[in-house]
Structure formats: C-alpha cells, structure tokens
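J.: From first to last, the protein sequence lines are chains E and P.
Throughout the first sequence, residue numbering follows this note's numbering, covering 1 to 288 in sequence.
Throughout the second sequence, residue numbering follows this note's numbering, covering 1 to 190 in sequence.
Cβ atoms here follow ideal geometry from the backbone N, Cα and C, with glycine treated the same way.
In this text, all values refer to a predicted model and were calculated from it rather than measured experimentally.
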Amino acid sequence: SSFVSIGNEKIRLTFDTNGFLSAITTKEMTRIVNQEFLYYEGAIGNNREFRNRSSGAYIFRPKTDNVKLVTTGPKIKVYRGNLVEEVHQIFNEWISQVVRVYRKHGYAEFEWMVGPIPIDDGVGKEIITRFNSDIQSEGIFYTDSNGREMLKRLRDHRDTWRVKLLEHTAGNYYPITTKIALEDENARLAILTDRAQGGSSMGDGSLELMIHRRLLHDDAFGVDESLNETAFGQGLVARGTHYLILGNSQLDQSPTTQLLERFTQLEKLLPTWKFFSDATNSSYDDWR
Amino acid sequence: LPHLSFFRETMGIMQHHDAVTGTEKQKVAYDYARRLNVALRACGSNTKDILNHLTSGETPQTGIPDTKKHDYKFEFKTCDLLNISSCLISETSDRFILTLYNPLAHSTFEYVRVPVSTLDYIVKDYRDVTLETEILPIPETIQNITFRNSRAKYELIFLASELPPFGYKSYYIMKTNKHRLEPIPDADNL
Numbered sequence: 001s002s003f004v005s006i007g008n009e010k011i012r013l014t015f016d017t018n019g020f021l022s023a024i025t026t027k028e029m030t031r032i033v034n035q036e037f038l039y040y041e042g043a044i045g046n047n048r049e050f051r052n053r054s055s056g057a058y059i060f061r062p063k064t065d066n067v068k069l070v071t072t073g074p075k076i077k078v079y080r081g082n083l084v085e086e087v088h089q090i091f092n093e094w095i096s097q098v099v100r101v102y103r104k105h106g107y108a109e110f111e112w113m114v115g116p117i118p119i120d121d122g123v124g125k126e127i128i129t130r131f132n133s134d135i136q137s138e139g140i141f142y143t144d145s146n147g148r149e150m151l152k153r154l155r156d157h158r159d160t161w162r163v164k165l166l167e168h169t170a171g172n173y174y175p176i177t178t179k180i181a182l183e184d185e186n187a188r189l190a191i192l193t194d195r196a197q198g199g200s201s202m203g204d205g206s207l208e209l210m211i212h213r214r215l216l217h218d219d220a221f222g223v224d225e226s227l228n229e230t231a232f233g234q235g236l237v238a239r240g241t242h243y244l245i246l247g248n249s250q251l252d253q254s255p256t257t258q259l260l261e262r263f264t265q266l267e268k269l270l271p272t273w274k275f276f277s278d279a280t281n282s283s284y285d286d287w288r
Numbered sequence: 001l002p003h004l005s006f007f008r009e010t011m012g013i014m015q016h017h018d019a020v021t022g023t024e025k026q027k028v029a030y031d032y033a034r035r036l037n038v039a040l041r042a043c044g045s046n047t048k049d050i051l052n053h054l055t056s057g058e059t060p061q062t063g064i065p066d067t068k069k070h071d072y073k074f075e076f077k078t079c080d081l082l083n084i085s086s087c088l089i090s091e092t093s094d095r096f097i098l099t100l101y102n103p104l105a106h107s108t109f110e111y112v113r114v115p116v117s118t119l120d121y122i123v124k125d126y127r128d129v130t131l132e133t134e135i136l137p138i139p140e141t142i143q144n145i146t147f148r149n150s151r152a153k154y155e156l157i158f159l160a161s162e163l164p165p166f167g168y169k170s171y172y173i174m175k176t177n178k179h180r181l182e183p184i185p186d187a188d189n190l
C-alpha cells in the first residue's frame, strides 16, 4: 500500500517504500527497473608512470571497480496534476531529482541535479546514475556516434583483437552523444541524454551514465590542472535530464520503440527556441 | 552579418578538441563561455528584428507590407537561466508573451515550463482560447542554489500544441485575480 506510482495510459512508474523507482509498466509489459545514484572514487596515481596516472580531465580511472552508494532511502514528494505527474526525490544534500511523466508522452523524464560534490574527505568523486532492469542483455548494449548510427558494444570485448582489460570499468566506458540502449528478445530500454556523457552497461540489464565529476589531481596528459571547477567558491552544480523509453525490442520486429526514441531525440536536441516579451503596455487585444 | 559572423567564428573555436571534450584549462573555459554569451546576445538582436518583421505582417524577404501591418515592437528576449528555472521577465512581469519557434521540419508539441513567482496566471493563445495550465513548485534544492538569484518559486506548465515546422506560435500569459491553491503533494509521501 505504500508503493507510489505516477504515469499515464502509455507508461507508469512505480516507486518502492524506500522511495526508489522499482518498476515500469507500458501497454505491452511490466519490467523491474530501478534507478540509483552512485559514485566512483577517482584514482590518485603517480603521474611519472604511464600505467598509474590519476583520474582527471582526459581519463576516467576509478580507484576500484566498486561503486559507493549515495543513500539508502531518498525523501520523496509526489505531485499529481492534469498535465504532469512528478516525484521529487532528495537523495542527500547534493543530489536530488524530479521524475516526471507528462500526460501525452510515452516516456519518463529524470531531471537530476548534482553538486557541489563534497571533497572535504580529500577524495575525488565521479557521480553516475544507474538504471538496473531485468532485461537479459547478455553483455550487449548500444551506444550512438554523434547521434547517428547506433554501435553494438559487448562488455569486455573488442571486435578486432583479443582484449584483456586491466581496468574493467574504464575499459567498458563509451562516449554517449545522445543515446544508450539494451534489449533482449522481448524488451528494449533506452536512455536519451541532453548532452554528451560517458556511459556503459556494467551488468546485464544495467545502463549507467556519468553525470558529474570533481577530481583533485591532474592526470598529466597536458592540461596541468585538476578537474575541480568552482563558482562562487563552491564546486559546480550540474542539472540535466535523461529520457527513459521502454518498449518492445527490435528482435520482436516492432519498430515502434525505436521510432519513439528517434522522434523524442529530435524534439529534445532541437527543442523550441523560447523568446520572452514584456507586455505590460500591451493588452491581450492589442497583442492579438 | 557581423553578429552572425561572430557566432560562426565562435562555433569554429568550439570545434577545437579541447572545447569539445572539456580538456581546456579553466581560464580558457571561462573565455569560451564569454564568447558564447557575447555571440548569443549579438544574434539576439537579429532574431528580435526578424520576429518583429514577421509579427508586424511584413514579409522580410520582400519588405512588402501587409494590410494588417501594425506598429507594435516587442523585445523577444531569451532567458539564459531557464536551466536553473529562472527568467527575469516571467518572474517579474504581470503580463508577458512567450513565443516558441520550432526548428524541426515537422509539426510538434511541447509541454512548456515557465518560472513564475506566484500562482495566479492564465495562458491564452492567439484564438482567445484559455489553455489548461498547471502550477508546480520548483524543488527547494534548486531554489536554494547559492548563486541562484531568482524570485521564481513555481513553474507554470502548459501544452503548446501544433507548433508549425520552421514556424512560431505565441502565447499571452497574464496574472489574474483568481486565487489558486498552493500545489499540495500526495498524502502518501514517504
């Protein structure tokens, strides 16, 4: 009875008693999907050795492959209206999110806000959002190249040589310009981004995207500065949106999911230009 | 043309690999931001002129005035801080116009979110139709951002539909005296 859900007739998101997303229902299916914020600790290296450099502006190099939890239970508030239903989540003092579904949209929006990332403990942090689902993707996921062709990726694999990854996490990260997706025989899950990010699928059914980083050491590739941006004396705050689309997979010969992804991609990357005009001196009739 | 050229040159600089990936030095990052800001403001005057031509009934290409031509000129300003739910015009004006230009080659619709300081607004389109609206609070985590200097506590949401391809639509938004209730979250919040 404590489960909370928001949505419309096309898509419905359910949140568990801890305040986390737990399932998504579409017209065709219900799938277990959860989402959480995690972080990798940036490696501190010895920049004189090529194989032991710090994580920095050029390279993502976590100290270990283990991710750290941000919180075990976000505080949530649910707002419902005629046009949109929203869940406002507060994960901690520096991570919050609004999850929303508009009445006519077949996808969900995740508007995250991260920062200023605390560094009082002297540890650089690289924050990710991770979506875990029960889709049996078997190590395969898809990332785009400049918003055009989707490229097939297989975890711990390179197409043209036999690879042995010494850095399991970083070695599986790929540039995501606008989309990352995975699927099995029945279902397909895609996340669209509003900006280029790094991303991966570190487990079957799982998609993750790096949304903010604050690091304390230079990686010795040339910039000669640590990636530790500040404004007004504090670390930067980043705000952005992910769009989640769940539907039938292409293996199911149904193009509907990818059509929705493509149209949503266009509308989000080329949104309307907004112009504001003060109309204090113009009545509605004058303006008309 | 000088405005457009400045923007073109800036976009040329933005294609340097350090600008694309963010591996530039911090002071260079500041300079990129400054250039983009100047370029956007410069081209803002171009878009303002074009939109004033279009809305006055004059065809910009031919300059032939329409019989319905009028003399109203509007500012058509962009709000750079919409990404932190802040816009000086919408949060301080009792009446303002929002113009949406659709850059897509197909008709589209969009749920528009406008930052406002109070609850009581109505939105009308050009056919004198009052649109359905919703007001939701801007999360406190955003309102409390240190450098966010904004009166906006809410976002006014409405559906802008049938936006024509490569075309625009305007909406008249005004405060009313009708009292609207504060948005209340569900009772089953955790």
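Buried or exposed: which applies to GLU109 (chain E), given that a residue is buried once 16 or more other Cβ atoms fall within 10 Å of its Cβ?
T.: Looking up residue 109 (chain E) in the first sequence gives position 109. With 16 or more Cβ atoms within 10 Å of its Cβ, GLU109 (chain E) is classed as buried.
J.: Is SER226 (chain E) closer than 7 Å to LEU216 (chain E) when the C-beta atoms are compared?
T.: Taking the first residue of the first sequence as 1, we reach residue 216 (chain E) at position 216. Taking the first residue of the first sequence as 1, we reach residue 226 (chain E) at position 226. Yes.
J.: Quick check: is the beta carbon of TYR284 (chain E) nearer than 7 Å to any beta carbon in chain P?
T.: One-based indexing of the first sequence puts residue 284 (chain E) at position 284. By this cut-off, TYR284 (chain E) is an interface position.
J.: What's the call for TYR172 (chain P), buried or exposed, on a 16-neighbour Cβ count within 10 Å?
T.: Taking the first residue of the second sequence as 1, we reach residue 172 (chain P) at position 172. When all chains shown are included, TYR172 (chain P) counts as buried.
J.: Along the region 100-122 of chain P, what residues have a CB closer than 7 Å to any CB found in chain E?
T.: Residues passing the 7 Å Cβ filter: LEU100, TYR101, ASN102, PRO103, LEU104, THR108, GLU110, TYR111.
J.: Exposed or buried, LEU13 (chain E), counting other C-beta atoms within 10 Å across all chains shown (16 or more means buried)?
T.: Numbered from its first residue, the first sequence carries residue 13 (chain E) at position 13. Label assigned to LEU13 (chain E): buried.
J.: So with Cβ pairs under 7 Å, would you call GLU211 (chain P) a contact of chain E?
T.: Here chain P comprises residues numbered 1 to 190, so residue 211 (chain P) is not present and cannot be evaluated.
J.: Going along the chain, which unbroken runs of the beta strand (DSSP E) with 3 or more residues stay wholly within the region 9-97 of chain E?
T.: Complete beta strand (DSSP E) runs here, min 3: 11-15, 21-26, 30-41, 75-80, 84-92.
J.: With DSSP collapsed to three states, give me the class of ILE145 (chain P).
T.: Counted from its first residue, the second sequence places residue 145 (chain P) at position 145. Reduced to three states, the DSSP call for ILE145 (chain P) is coil.
J.: For the region 209-221 of chain E, which residues have a CB atom closer than 9 Å to at least one CB atom of chain P, in sequence order?
T.: Cβ contacts with chain P: PHE221.
J.: Using a beta-carbon distance below 7 Å, is THR23 (chain P) in contact with chain E?
T.: To locate residue 23 (chain P), count along the second sequence from 1; it is residue 23. Interface residue, yes.
J.: What residue does the alpha helix (DSSP H) around GLN26 (chain P) start on, and which one ends it?
T.: Here residue 26 (chain P) refers to the residue found at position 26 when the second sequence is read from its first residue. Segment 26-55, the alpha helix (DSSP H) holding GLN26 (chain P).
J.: Quick check on DSSP: helix, strand or coil for GLY7 (chain E)?
T.: Here residue 7 (chain E) corresponds to residue number 7 of the first sequence, with the count starting at 1. Note: GLY7 (chain E) maps to strand in three-state DSSP.
J.: Determine, using beta carbons only, whether LEU260 (chain E) and GLY106 (chain E) come nearer to each other than 7 Å.
T.: As a first step, residue 260 (chain E) is located in the first sequence; it is residue number 260 there, counting from the start. As a first step, residue 106 (chain E) is located in the first sequence; it is residue number 106 there, counting from the start. Yes, Cβ-Cβ distance for LEU260 (chain E) and GLY106 (chain E) is below 7 Å.
J.: Can you list, in chain order, the residues of its chain with a C-beta nearer than 6 Å to that of LEU131 (chain P)? Leave out the 5 residues immediately preceding and following it.
T.: By 1-based counting over the second sequence, the position of residue 131 (chain P) is 131. Answer for LEU131 (chain P): VAL123, PHE158, listed in chain order.
J.: Any beta carbon of chain P sitting closer than 7 Å to that of LYS164 (chain E)?
T.: If you number the first sequence from 1, residue 164 (chain E) lands on position 164. By this cut-off, LYS164 (chain E) is not an interface position.
J.: Going along chain E in order, which residues have a C-beta closer than 9 Å to the C-beta of LYS77 (chain P)?
T.: For the purposes of this step, residue 77 (chain P) is taken as residue 77 along the second sequence, with counting starting at 1. By Cβ distance, chain E contributes PHE275, PHE276, SER277, ASP278.
J.: Round the Cβ separation of THR78 (chain P) and TYR121 (chain P) to the nearest angstrom and send it over; I've been treating them as touching at under 8 Å.
T.: For this step, residue 78 (chain P) is matched to residue 78 along the second sequence. For this step, residue 121 (chain P) is matched to residue 121 along the second sequence. That pair is no contact at about 20 Å.
J.: Is the region 66-85 of chain E in contact with the region 152-164 of chain E, if contact means three or more CB pairs nearer than 8 Å?
T.: With a cut-off of 8 Å, the region 152-164 of chain E and the region 66-85 of chain E do not count as touching, because too few Cβ pairs lie within range.
J.: Quick check on PRO164 (chain P): does DSSP put it in helix, strand or coil?
T.: Walking along the second sequence from the start, residue 164 (chain P) turns up at place 164. Note: PRO164 (chain P) maps to coil in three-state DSSP.
J.: Using the C-alpha atoms, what's the distance from LEU163 (chain P) back to VAL101 (chain E)?
T.: Position 101 of the first sequence, counting from 1, holds the residue named residue 101 (chain E). Position 163 of the second sequence, counting from 1, holds the residue named residue 163 (chain P). If I take the Cα positions, the gap works out to 21 Å.
J.: Would LEU317 (chain E) count as contacting chain P if we go by Cβ distances under 7 Å?
T.: With chain E covering only 1 through 288, there is no way to say anything about residue 317 (chain E).
J.: Going along chain P in order, which residues have a C-beta closer than 8 Å to the C-beta of GLU86 (chain E)?
T.: As a first step, residue 86 (chain E) must be located in the first sequence, where it is residue number 86. Near GLU86 (chain E) (Cβ distances below 8 Å), the residues of chain P are LEU136.
J.: Take LYS73 (chain P) and list the residues in its own chain whose beta-carbon comes closer than 7 Å to its own, dropping the five residues that flank it on each side.
T.: The count along the second sequence starts at 1 and reaches residue 73 (chain P) at position 73. Contacts found: ASN52.
J.: Flag this pair as touching only if the region 137-152 of chain E and the region 36-54 of chain E have three or more C-beta atom pairs under 8 Å; answer yes or no.
T.: With a cut-off of 8 Å, the region 36-54 of chain E and the region 137-152 of chain E do not count as touching, because too few Cβ pairs lie within range.
J.: Say whether chain P places a C-beta atom closer than 7 Å to the C-beta of VAL78 (chain E).
T.: Locating residue 78 (chain E) in the first sequence gives position 78, counting from the first residue. Closer than 7 Å to some Cβ of chain P, the Cβ of VAL78 (chain E) qualifies, so yes.
J.: Does ALA57 (chain E) get closer than 7 Å to chain P when you measure Cβ to Cβ?
T.: Walking along the first sequence from the start, residue 57 (chain E) turns up at place 57. Yes, ALA57 (chain E) lies at the interface with chain P (some Cβ there is under 7 Å from its Cβ).
J.: So is PHE166 (chain P) buried or exposed if we call it buried at 16+ other beta carbons inside 10 Å?
T.: On the second sequence, residue 166 (chain P) is found 166 positions in, with the first residue counted as 1. By the 10 Å Cβ count, PHE166 (chain P) comes out exposed.
J.: Identify the contact partners of ILE13 (chain P) in chain E, using a Cβ-Cβ distance below 7 Å as the criterion.
T.: By one-based count along the second sequence, residue 13 (chain P) stands at place 13. Under the 7 Å cutoff, chain E gives no residues; its nearest Cβ is about 17 Å from ILE13 (chain P).
J.: Which residues mark the beginning and the end of the alpha helix (DSSP H) in which LEU259 (chain E) is found?
T.: On the first sequence, position 259 is the one that residue 259 (chain E) refers to. Taken as a continuous stretch (DSSP letters only), the alpha helix (DSSP H) holding LEU259 (chain E) covers 256-269.
J.: For the beta strand (DSSP E) containing ALA369 (chain E), list its first residue and its last residue.
T.: Absent from the model: residue 369 (chain E). The displayed extent of chain E is 1 to 288, so no value can be given.
J.: How many angstroms separate the CA atom of SER71 (chain E) from the CA atom of ASN92 (chain E)?
T.: Against the first sequence, residue 71 (chain E) aligns to sequence position 71. Against the first sequence, residue 92 (chain E) aligns to sequence position 92. Per the sequence presented here, residue 71 (chain E) reads as Thr, with Ser not at that position. When rounded, the distance between both Cα atoms is 7 Å.
J.: Apart from the five residues on each side of it in sequence, which residues of its chain come closer than 7 Å, Cβ to Cβ, to ASP194 (chain E)?
T.: Locating residue 194 (chain E) in the first sequence gives position 194, where the first residue counts as 1. Excluding residues within five positions, the ones whose Cβ falls inside 7 Å are GLY240, THR241, LYS268.
J.: Quick one: residues in its chain with C-beta nearer than 6 Å to the C-beta of ARG61 (chain E), no 5 flanking neighbours on either side, listed in chain order?
T.: One-based indexing of the first sequence puts residue 61 (chain E) at position 61. Closer than 6 Å at Cβ, skipping near neighbours: ALA43, SER55, ALA170.
J.: May I have the straight-line CA-CA distance separating GLU24 (chain P) from VAL114 (chain E), to the nearest angstrom?
T.: What you label residue 24 (chain P) is simply residue 24 of the second sequence in a count that begins at 1. What you label residue 114 (chain E) is simply residue 114 of the first sequence in a count that begins at 1. Looking at the two C-alpha atoms, the distance is approximately 22 Å.
J.: Can you tell me whether DSSP reads ASP285 (chain E) as helix, strand or coil?
T.: Taking the first residue of the first sequence as position 1, residue 285 (chain E) is located at position 285. If DSSP states are grouped into helix, strand and coil, ASP285 (chain E) belongs with the helices.
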